[in-house]
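S.K.: This is the structure, below, for whatever I ask next.
In the UniProt record's numbering, the protein residues as written are 1 to 574.
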């Protein structure tokens with residue numbers, strides 16, 4: 001009897017090398033569906049052939065979040081792609097589509113004046129008020145000419161690409177609006193991948209999987225990016241009226257060697273009051289662009305130790321997350337990489353700030369973000385407070401580029417589980433499966449509170465599948481969402497910082513829209529507070545350098561703060 005009981009107890013307990021049962025996923029997966037005359041319609045995207053014969057087919061579409069109709073709810077633009085066959089026939093690509101949020105987790109497709117035509121092959125995009133009229137305009141990156149759509153007062157889009165001054169003809173991936181020279185007009189950064197034209201494909205200059213020219217673990221796969229030609233990124237200075245001028249060379253935004261650009265974010269990495277840029281490059285060093293304060297740049301990625309992995313090797317940089325993980329007042333960086341590589345976490349280090357020059361230390365291994373990621377191929381990502389407990393967690397959407405990863409002997413898989421890394425008090429992260437939807441082939445992703453319940457949900461692009469919504473059902477803490485209304489042309493106050501203090505806990509967020517992979521997020525700061533019921537102090541540092549301070553701020557609401565012309569004023573929640 002005692003022996004039987006002992007055996008039963010041993011069987012019930014984790015043994016060496018085993019772990020306790022995994023917690024139930026905190027997010028519930030469902031496809032994005034909208035009502036139509038024929039019933040519910042699932043929204044998906046197209047990115048070439050399912051076999052992925054060419055590198056053009058593997059990045060997938062993009063996501064642009066924002067409040068386009070100015071009703072206080074998060075809307076969603078899904079950037080769609082095309083196929084090689086359509087391009088060969090001269091047919092347009094599939095159009096980007098706007099879906100208006102109802103604030104309760106549902107979406108509708110407005111059509112009419114909001115409808116956009118297809119061009120060649122959409123990738124990603126950005127949203128910002130480029131003409132300073134108070135509504136949100138839209139930029140789309142393409143395999144081919146990039147595009148600009150002006151918002152007609154919340155009633156529709158008008159394409160103004162031809163007169164906008166945008167001259168992008170390369171393969172654009174991610175993009176960002178920001179004000180690099182602090183003149184009040186939004187500027188635009190466009191990240192480019194590699195030289196790829198239809199002639200390159202039809203002539204065999206870019207080899208296909210079927211050619212057998214490239215192999216991975218013994219299997220024929222599509223070729224690239226190694227052996228192909230990277231393209232320089234673009235920086236456009238905005239005039240404040242919806243037009244732009246290419247200042248890439250004049251501003252110093254042109255490295256000696258171009259990278260295979262995939263991701264971009266804006267940040268004030270050295271906390272000197274201007275906007276710097278960080279770009280992830282595939283199989284080439286990542287770039288950190290330091291702003292001199294006037295919109296001219298120096299590339300300092302290697303010097304600041306964010307260009308390579310901990311061993312000094314370039315990786316397949318894809319998505320970017322940025323946030324103050326260690327709560328030291330400086331932005332930290334996270335980069336998703338290829339399978340067989342670990343994702344990278346670059347923490348700002350006080351001991352490395354000798355002479356006022358901030359450097360980073362790669363800390364993915366001790367923070368338990370490195371080893372667990374080596375099996376997976378990461379794309380969309382973001383730091384966010386998943387459980388509203390006042391620290392930053394992290395999501396990573398995964399999926400291989402090679403369908404051949406499902407073949408024997410690869411030690412990998414095409415469809416992969418997505419991950420939530422839960423912050424364990426700032427010392428390390430613990431890994432959980434993100435959602436209950438099982439393995440998928442994901443690409444772009446972004447976080448926002450789509451259903452208005454105070455916690456952050458996630459939307460993601462599934463390759464050759466539906467757009468997926470991951471509803472957060474695991475957050476119980478108090479929260480505050482802060483939106484800013486700037487004076488002048490920078491109406492969203494991009495580049496501002498918001499600091500929330502409650503007791504001994506201080507949180508810091510920059511107002512930005514760029515991050516992840518081929519994604520744009522709402523221009524707002526979301527803070528979790530756990531059991532704390534009041535934010536003792538909320539401090540806003542505007543792009544102008546002026547400061548607004550609010551005390552004893554009530555929580556569990558959206559707070560809109562107007563930049564004062566002379567005296568601090570604040571508008572309450574909607």
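Glycine included, each C-beta is placed from N, C-alpha and C at the ideal position.
With respect to the alpha helix (DSSP H) encompassing residue 198, which residues constitute its N-terminal and C-terminal limits?
M.R.: As a position in the chain shown, residue 198 is number 198, starting the count at 1. Residues 198-202.
S.K.: Give the DSSP bridge partners of residue 485, in chain order.
M.R.: In the chain shown, counting from the first residue as 1, residue 485 sits at position 485. Paired residues: 562.
S.K.: In chain order, what residues of the same chain lie with their CB nearer than 6 Å to the CB of residue 370, ignoring the 5 residues before and after it?
M.R.: Position 370 of the chain shown, counting from 1, holds the residue named residue 370. Same-chain partners within the cutoff: 342 and 364.
S.K.: For residue 536, tell me which candidate among 524, 528, 542 and 550 has the shortest Cα-Cα distance.
M.R.: Mapped onto the chain shown, residue 536 falls at position 536. Of all alpha-carbon atoms in 524, 528, 542 and 550, the one lying nearest the alpha-carbon of residue 536 is that of 550.
S.K.: Buried or exposed: where does residue 210 fall if 16 or more other Cβ atoms within 10 Å of its Cβ makes it buried?
M.R.: Within the chain shown, numbered from 1, the residue matching residue 210 stands at position 210. Classification of residue 210: exposed, given that the 10 Å Cβ count is below 16.
S.K.: So, are the CB atoms of residue 267 and residue 280 less than 8 Å apart?
M.R.: Looking up residue 267 in the chain shown gives position 267. Looking up residue 280 in the chain shown gives position 280. Contact flag unset, no.
S.K.: Quick check on this structure: which residue in 238, 34, 193 and 110 has the alpha carbon closest to the alpha carbon of residue 156?
M.R.: Your numbering for residue 156 matches position 156 in the chain shown. The candidate whose alpha carbon is nearest that of residue 156 is 110.
S.K.: Check the DSSP bridge columns for residue 140 and list the partner residues they point to.
M.R.: Position 140 of the chain shown, counted from the start, is the residue given in the question as residue 140. 125 and 147.
S.K.: Looking at C-beta atoms only, is the number of pairs between the segment 64-84 and the segment 518-528 that lie closer than 8 Å three or more?
M.R.: yes
S.K.: Pull up the DSSP beta-bridge partners for residue 415, would you.
M.R.: Here residue 415 refers to the residue found at position 415 when the chain shown is read from its first residue. According to DSSP, which records beta bridges pairwise, residue 415 is partnered with nothing at all.
S.K.: Quick check on residue 374: buried or exposed, where buried means 16 or more other Cβ atoms within 10 Å of its Cβ?
M.R.: Locating residue 374 in the chain shown gives position 374, where the first residue counts as 1. By the neighbour-count rule (16 or more Cβ atoms within 10 Å), residue 374 is not buried but exposed.
S.K.: Going by DSSP, what residues sit across from residue 442 in a beta bridge?
M.R.: Walking along the chain shown from the start, residue 442 turns up at place 442. Bridge partners of residue 442: 462.
S.K.: Which residue marks the beginning of the beta strand (DSSP E) containing residue 30, and which one marks its end?
M.R.: Here residue 30 is taken as the residue at index 30 of the chain shown, counted from 1. Note, residue 30: beta strand (DSSP E), 27-31.
S.K.: Between the C-alpha atoms of residue 212 and residue 406, what's the straight-line distance to the nearest angstrom?
M.R.: Locating residue 212 in the chain shown gives position 212, where the first residue counts as 1. Locating residue 406 in the chain shown gives position 406, where the first residue counts as 1. Rounded to the nearest angstrom, the two C-alpha atoms are 18 Å apart.
S.K.: On the criterion of 16 or more Cβ atoms from any shown chain inside 10 Å, does residue 500 qualify as buried, or is it exposed?
M.R.: Against the chain shown, residue 500 aligns to sequence position 500. Buried is the call here.
S.K.: Give me whichever residues DSSP pairs with residue 236 in a beta bridge.
M.R.: Position 236 of the chain shown, counted from the start, is the residue given in the question as residue 236. The partner list for residue 236 (beta bridge, DSSP) reads 188 and 246.
S.K.: Can you look up residue 270 in the DSSP assignment and give me helix, strand or coil?
M.R.: Numbered from its first residue, the chain shown carries residue 270 at position 270. Coil, per DSSP.
S.K.: What did DSSP end up calling residue 569 once you bin it into helix, strand or coil?
M.R.: Reading the chain shown from its first residue, position 569 is the one you call residue 569. Only weak support is given to the placement of residue 569: the predicted model assigns it a pLDDT of 44, under 50, and the question is left unresolved by the model.
S.K.: Taking residue 320 as part of the beta strand (DSSP E), name the residues at either end of that continuous run.
M.R.: Here residue 320 refers to the residue found at position 320 when the chain shown is read from its first residue. Per DSSP, residue 320 belongs to the beta strand (DSSP E) from 320-323.
S.K.: Hey, would you say residue 184 sits closer than 8 Å to residue 488, going by beta carbons?
M.R.: Here residue 184 refers to the residue found at position 184 when the chain shown is read from its first residue. Here residue 488 refers to the residue found at position 488 when the chain shown is read from its first residue. Yes, the Cβ-Cβ distance between residue 184 and residue 488 is below 8 Å.
S.K.: Quick one: is residue 546 near chain C, going by C-beta distance under 8 Å?
M.R.: No chain C appears in this structure, which consists of one protein chain only.
S.K.: Can you tell me whether residue 215 is buried or exposed? The criterion is at least 16 other CB atoms within 10 Å of its CB, across all chains shown.
M.R.: For the purposes of this step, residue 215 is identified with residue 215 of the chain shown, where counting begins at 1. It is exposed - the Cβ of residue 215 has fewer than 16 other Cβ atoms within 10 Å.
S.K.: May I ask you to list the residues that DSSP assigns as paired with residue 400?
M.R.: Working through the chain shown from its first residue, we reach residue 400 at position 400. DSSP output for residue 400 lists no bridge partner at all.
S.K.: From which residue to which residue does the beta strand (DSSP E) around residue 468 run?
M.R.: Against the chain shown, residue 468 aligns to sequence position 468. 467-472 is the extent of the beta strand (DSSP E) around residue 468.
S.K.: Examine the Cβ distances between the segment 395-414 and the segment 479-499 and report whether three or more of them are shorter than 8 Å.
M.R.: no
S.K.: For residue 347, collect the residues of the same chain with a Cβ closer than 6 Å to its Cβ; drop the 5 residues on either side in sequence, then sort them by chain order.
M.R.: The residue labelled residue 347 in the question sits at position 347 within the chain shown. Around residue 347: 326, 332, 361 and 363.
S.K.: Contact check, residue 555 vs residue 533 under 8 Å by CB: the rounded distance?
M.R.: Taking the first residue of the chain shown as 1, we reach residue 555 at position 555. Taking the first residue of the chain shown as 1, we reach residue 533 at position 533. Confirmed, about 6 Å.
S.K.: Can you give me the Cβ contacts of residue 436 inside the same chain, cut-off strictly under 7 Å, excluding the 5 residues immediately before and after it?
M.R.: What you label residue 436 is simply residue 436 of the chain shown in a count that begins at 1. Correct list, in chain order: 25, 28 and 29.
S.K.: Candidates 490, 511 and 506: which alpha carbon is nearest residue 133's?
M.R.: Taking the first residue of the chain shown as position 1, residue 133 is located at position 133. The residue with the shortest Cα to Cα distance from residue 133 is 490.
S.K.: Using the Cβ count rule (16 or more neighbours within 10 Å means buried), how would you classify residue 256?
M.R.: For the purposes of this step, residue 256 is taken as the residue at position 256 of the chain shown. So residue 256 ends up on the exposed side.
S.K.: At the level of alpha carbons, what is the spacing between residue 121 and residue 88?
M.R.: Along the chain shown, one-based indexing puts residue 121 at 121. Along the chain shown, one-based indexing puts residue 88 at 88. Rounded to the nearest angstrom, the two C-alpha atoms are 12 Å apart.
S.K.: Which of the three DSSP states, helix, strand or coil, is assigned to residue 211?
M.R.: By one-based count along the chain shown, residue 211 stands at place 211. Looking at residue 211 - three-state DSSP - the assignment turns out to be helix.
S.K.: For residue 55, which of 563, 197 and 148 has the nearest alpha-carbon?
M.R.: The residue you call residue 55 lines up with position 55 of the chain shown. Of 563, 197 and 148, the residue nearest in Cα terms is 197.
S.K.: Around the Cβ of residue 52, are there at least 16 other Cβ atoms within 10 angstroms (buried) or fewer (exposed)?
M.R.: Numbered from 1 along the chain shown, position 52 holds the residue referred to as residue 52. By the neighbour-count rule (16 or more Cβ atoms within 10 Å), residue 52 is buried.
S.K.: Using CA coordinates, which residue listed in 40, 73, 81 and 42 is at the minimum distance from residue 58?
M.R.: Counting from one through the chain shown, the residue named residue 58 turns up at place 58. Selected option, being the one with the closest Cα: 81.
S.K.: Just the Cα atoms here: how many angstroms apart are residue 438 and residue 218?
M.R.: Taking the chain shown and counting its residues from 1, one reaches residue 438 at position 438. Taking the chain shown and counting its residues from 1, one reaches residue 218 at position 218. Distance between the alpha carbons of residue 438 and residue 218 is about 28 Å.
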